[in-house]
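As they're listed, the protein sequences go chains A and B. Using my numbering, you'd call the opening residue of the first sequence number 301 and step up by one each time. Using my numbering, you'd call the opening residue of the second sequence number 346 and step up by one each time. Here a beta-carbon is modelled for each residue, glycine too, at the ideal position from N, C-alpha and C.
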Amino acid sequence: MGLSNNSLLFYLFITFAEIMVVLGIILLHAAYTVYIERKVIGRMQARLGPMEVGPYGLLQPLADLIKLLFKEDILPRDSHKTLFQIAPLVLLACAIANLSVIPFNPSFLIADVNLGVLVVLALASLGVYGIILAGYSSGSKYSLLGGLRSAAQVLSYEIPLGLSLAGVILAAESFSLKDIVEAQAQSLLGVYALPQFLGFIVFLICAFAETNRAPFDLPEAESELVAGYITEYSGFRMGLFFLAEYISMYIMSLLIALCYLGGWSLPWWLIALFPFLQALPPTLVLALKVYFFIFLFIWVRATFPRYRFDQLMSMSWKILLPLSLINFMWVAILKRGGL
Amino acid sequence: MVERGLLLFVLTFFVLFLFFLTFIFRQILYQFLTILLIMVLLGIYYLFLNAEFIAAIQVIVYAGAILIMFLFTIFLFPEEELKYSRDILKTHYSSFLPLGFFLALFLFSLFKAIPKSYKEQNFYFDLKILSKILFNDYWITIYILAFLLSLPMIALYIFFKREERSGSN
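Following this line, the structure appears as structure tokens:
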């Protein structure tokens, strides 16, 4: 390492503090996203949403947390006990670990990894084991079917997701998320979402599928599989699954904002139109973009009906995969043309 | 370099330990999980060779995609076969043959790799050189691996065909 003991300790302390800050902020966001989701969906369905706990129901996440923590932790008789207990932890650990390589502004990221995009993809592919093992270890047919669906879904959607990201990597000539944002700021249009519109749409759809959110929430389809792989879970372990799902939503929103919408930077033409936007701090710019996508996740959940499983599969292999390949070739042509 | 050597030693110990567990566990699912961990640890081996790209690809492709297909196949087994594989150690001594074979191969490589004098080395990784070595010197191994990896898919096809036939009867 080449560091003296004191500087090593200081480095460790700073890293630990950074982890605590990121973890604290993301956990708070995850808790209040549940509240916002219930409120927004309530409004869309002409209801008020949570109103009972605290003013405007603002303390509802706290009440939910207390309820989940004090509920009985039930282990089904036919379950594989060890796997059943560690499955939600696997999912949550992989979701949280993603945060380590994501930059939140030009100078704040926990680990400056050259292959940030690949690390996120690798952790996303490992996280699915949490869902599959939860499905299998529950000893229930509903859970098993949920796990099987999840395995097929994630495997199918990871390919177009990776291929659409390949376009971004080709354009930025780097795997580092920080470099991708900087390359976008220097590009002709300031964001990759415009020249790579096809890749942006493919990535957006795949993000919904990868996070098991509606309309791709087949692994936990209530009307068919009770609650899919979560059926046998109760108490805080069920809470861990929900926490992982909401953190994954944030990871995907961050990735879309960083890879396609310029991250913390704003395109030159937007600043030319509204010069006051230049005064916004970089982290706030990124946060606003992320909040927009979180709202989109909620909006889509309230609007679209669930896909059938065969529709889900054919969409991935017959539509998204060719589209992502076309996008990749389009980026190659753009690159060849020096754009 | 000493810390690096120690880490490599601990990593190798874990890989070997998991390798033995693969044969000792009685349930296919636990055996699968040990293979999954070995795949992830192999990614860390690549990090030791300064091959970050291959390390990430190792985890994405092998641990993330191919092993999920294996798991998919395991899920489609009848439940009884997963539960009643308890006497495998007593009855199937042949399962130790591949273990012995791989262990011999490992020890052979290990002894062959021991340097005559220890000297610090700077590892330099080049994807082109590795590809040349893999696809020219070890092309038979690559073909065998490709064949082995296609086996679960063939097994799945046969399984479905049998199910179809028994369903039509």
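| Check | Outcome |
| --- | --- |
| A:TRP292 - containing alpha helix (DSSP H), residue span | In the structure as shown, chain A begins at 301 and stops at 639. Residue 292 of chain A is therefore absent and cannot be evaluated. |
| Rounded straight-line distance, which links the Cα of B:TYR407 to that of A:GLN453 | 17 Å |
| Euclidean distance between Cα positions of A:THR645 and A:GLY539 | Lying before the first or after the last residue shown, residue 645 of chain A is absent from chain A, which here runs from 301 to 639. |
| Simplified DSSP state of A:PHE497, which is helix, strand or coil | helix |
| Per-residue contacts from A:LEU455 into chain B (C-beta, under 9 Å) | GLY409, ALA410, ILE413, MET414, PHE417 |
| Contacts around A:ASP373, its chain only, beta-carbon distance under 8 Å, and the 5 residues preceding and following it disregarded | SER534, GLY535, PHE536, ARG537 |
| Cβ-based neighbour list, A:LEU558, same chain, cut-off 8 Å, excluding 5 preceding and 5 following | ILE402, PRO403, LEU477, ILE480, VAL481, LEU586 |
| Secondary structure of A:ASN306, DSSP reduced to three states | helix |
| Length-filtered (4 minimum) alpha helix (DSSP H) runs lying within the segment 451 to 513 of chain A | 477 to 485, 497 to 510 |
| Short CB-CB distance (under 8 Å) between B:ALA449 and chain A | no |
| Residue-level contact to chain A via CB, B:ILE405, 8 Å cutoff | yes |
| C-beta atoms of B:ILE413 and A:ALA451 nearer than 8 Å | yes |
| Chain A contact for B:LEU374 (CB, 8 Å cutoff) | yes |
| Beta-carbon contacts of A:GLY342 that lie in its chain and below 7 Å, excluding the five residues immediately before and after | LEU348, GLY349 |
| Helix, strand or coil at A:THR414 according to DSSP, with G and I counted as helix | The sequence given here has Asn at residue 414 of chain A, not Thr. DSSP places A:ASN414 in coil when its eight states are reduced to three. |
| Minimum Cβ-Cβ distance from A:ALA451 to chain B less than 8 Å | yes |
| Element boundaries [alpha helix (DSSP H), containing A:VAL401] | First-last for A:VAL401: undefined, no H or E at that position. |
| Uninterrupted alpha helix (DSSP H) stretches inside the segment 305 to 393 of chain A (no shorter than 4 residues) | 305 to 344, 360 to 370 |
| Contact the segment 371 to 390 of chain A vs the segment 424 to 443 of chain A: 3+ CB pairs below 8 Å | yes |
| Residue-chain proximity (A:ALA422, chain B), Cβ-Cβ < 8 Å | yes |
| Inter-stretch contact (C-beta, 8 Å, three-pair minimum) for the segment 402 to 420 of chain A and the segment 572 to 584 of chain A | yes |
| Start and end residues, alpha helix (DSSP H) containing A:ILE547 | 535 to 560 |
| Burial state of B:PHE354, where buried means 16 or more other Cβ atoms lie within 10 Å | exposed |
| Range covered by the alpha helix (DSSP H) that runs through B:MET384 | 373 to 393 |
| B:ALA500 at chain A interface by Cβ criterion, 8 Å | no |
| Burial state of A:PRO361, where buried means 16 or more other Cβ atoms lie within 10 Å | buried |
| Terminal residues of the alpha helix (DSSP H) in which A:MET629 lies | 621 to 636 |
| Chain-ordered chain B contacts of A:ASN398 [CB-CB under 8 Å] | The contacting residues do not exist; A:ASN398 stays about 13 Å from chain B at best. |
| Sheet register partners of B:PHE359 (DSSP bridge) | The partner list for B:PHE359 (beta bridge, DSSP) is empty, contrary to what the question assumes. |
| A:GLN648, buried or exposed, once every other Cβ within 10 Å from all chains shown has been counted against 16 | Since the first residue shown for chain A is 301 and the last is 639, residue 648 of chain A is missing from the structure and cannot be characterised. |
| Distance, B:ILE503 Cα to A:ARG551 Cα | First, the residue type needs correcting, since residue 551 of chain A is Ile and not Arg in the sequence shown. Cα to Cα, A:ILE551 sits roughly 40 Å from B:ILE503. |
| 8 Å CB neighbourhood of A:MET301 in its chain, flanking five on each side removed | Since pLDDT at A:MET301 reaches only 47, below the 50 mark, its modelled position is unreliable, and the value read off the structure follows with that caveat. The answer, listed in chain order, is LEU308. |
| DSSP-derived helix/strand/coil call for A:PHE604 | coil |
| Bridge partner(s) assigned by DSSP for A:PHE408 | A:ASN405 |
| Between the CA atoms of A:ALA514 and A:SER605 - distance to the nearest angstrom | Looking at the sequence provided, one finds Pro at residue 605 of chain A rather than Ser. Roughly 8 Å between the two C-alpha positions. |
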